[in-house]
Amino acid sequence: GMKVFIRNPVTIFQLEELRERRIHELVTKIQSVFRAWKARKHLLELREKSLGLFGTNKKRRTASIRRFYVGDYLGLARNNLVMIRIVNKHKEAHVKFADNVQKINKRYKVQTRILLLTEGAIYNVKPSSFSMRRRIPLARISGVSLSTKADNFMVIHVTGEYDYLYICERKTEFLTTLADLFAVANGGKKLPLMFSDTLNYTIEGGKRRQLRFSENKSQTDDTSWKVDPNDKDAMNVTLGNISTVNTSAITDKMFAPKSKKLRGSPLPPLPQAKKKLAADVWAKGLYDFTAEESEELTFKAGDMMKILEQDPEWWVAEIHGKRGFVPANYVQIVKNVERV
């Protein structure tokens, strides 16, 4: 009769163990995908909510309206040093927002800091060592002051303490997230946002300072600032010729049905990518992205695309022969060997 030889015989117990291990891997993968989808859904909803945050009180830059939200721009949730030393130490679990910002101290010196927001507090963190310089519980925040111009300055006011003056490129995303968390921490109370072109704040030591905003369309710089020569406790901030969005366009975007074209003023066109690339550059999708405009490309996490031009917010890419815009923070440049 015919004999059958098994090259690598295993017991039924070993097979069962392999089966259990594989099931665990699959469950872990499904949970990971679900969490990622849930996080992306939340950030998309946050982006929609941010459209109404400032109302008609503050001008919005053209590029900021089309910006896509990521939340943790520095990947601190995966940084064990930060999670153990800062977040978990204060019995918190989630990084809601993290990005590099500029802090202007009491000597008017500009310092690069990490602005970290969790479900319970704002943290001022030194980037080089990930050391915490200050923790502000959400319950201690008395409000945030902003100008009416299209600048990135914001003052975080703290009850009974000195305030913080930040320059934050993603201030709208940060403040939208902060407003939600503030309401939870303060029994549904709305985060006070104050708008004025003269902002007063308190520096360390209790001294009062002032920011004064103005516009100069002939100025070549986007934003410039300097201490007032006649008042050392005041700083003058001047905005140049910055492209802004009509507030009626934002209102239409907020309330128009998703399935219909917007009425009234349309949102500004996609920006023209500026930096053309000499050599082949490839990128991989970090998250799923669904095009909202005809000029955009739809892709999934892991999809490879050729990058043709680059701009700070939008890149021109080619996928399967089709060209269009993709959000820069949804993709990551890879080496040629990685795409083979």
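Numbering (this note's numbering), first residue to last: 731 to 1070. C-beta: ideal position from N, C-alpha, C; glycine also.
In the three-state reduction of the DSSP assignment, residue 934 falls in the coil class, being assigned neither a helical nor a strand state. Excluding sequence positions up to five before and after residue 869, its CB lies within less than 7 Å of the CB of 915 and 916, all in the same chain and listed in chain order. In its chain, beyond the 5 residues on either side, 828, 829, 830 and 844 have a beta carbon closer than 8 Å to the beta carbon of residue 804. Beta-bridge partners assigned by DSSP to residue 957: 965. Residue pairing by DSSP puts residue 802 in a beta bridge opposite 828.
The Cβ-Cβ distance between residue 967 and residue 929 does not fall below 7 Å. Where residue 903 is concerned, the enclosing alpha helix (DSSP H) starts and stops at 901-915. Taking C-beta atoms as the reference points, residue 758 and residue 973 fail to come closer than 7 Å. Taking C-beta atoms as the reference points, residue 878 and residue 925 count as a pair closer than 7 Å. No alpha helix (DSSP H) of 4 residues or more sits fully in the segment 840-890. In the displayed model, residue 1023 falls within coil according to three-state DSSP, outside both helix and strand. Assigned with DSSP and collapsed to three states, residue 896 falls in strand.
Looking from the CA of residue 784, the closest CA among 1044, 935, 903 and 745 belongs to 903. In the DSSP assignment, residue 1049 falls within the unbroken beta strand (DSSP E) covering 1044-1049.
Residue 881 is positioned such that its CB atom lies no closer than 7 Å to that of residue 887.
Comparing alpha-carbon positions, the option among 794, 747 and 1020 lying closest to residue 900 turns out to be 794. If you draw a straight line from the Cα of residue 749 to the Cα of residue 760, it is about 17 Å long. Assignment of residue 819 by DSSP, reduced to helix, strand and coil, places it in the helix class.
Residue 972 sits in coil when the DSSP states are folded into three classes, being neither helix nor strand. If the five residues before and after residue 857 are omitted, its C-beta is found closer than 8 Å to the C-beta atoms of 830, 842, 843 and 844, all from its own chain and listed in chain order. By the CB criterion at 7 Å, residue 1055 and residue 1022 fall outside the cutoff. Residue state for residue 1031 is assigned as coil, using DSSP reduced to three classes. In terms of Cβ geometry, residue 855 and residue 923 do not form a close pair [threshold 7 Å]. Listed in chain order, the non-local C-beta contacts of residue 741 below 6 Å within the same chain number zero, local neighbours out to five positions each way being set aside.
Between residue 895 and residue 931, the beta carbon gap of about 6 Å places them in contact (Cβ cut-off 8 Å).
Distances from the CA of residue 1060 to each of 1013, 937, 1049 and 918 were compared; the closest alpha carbon is that of 1013.
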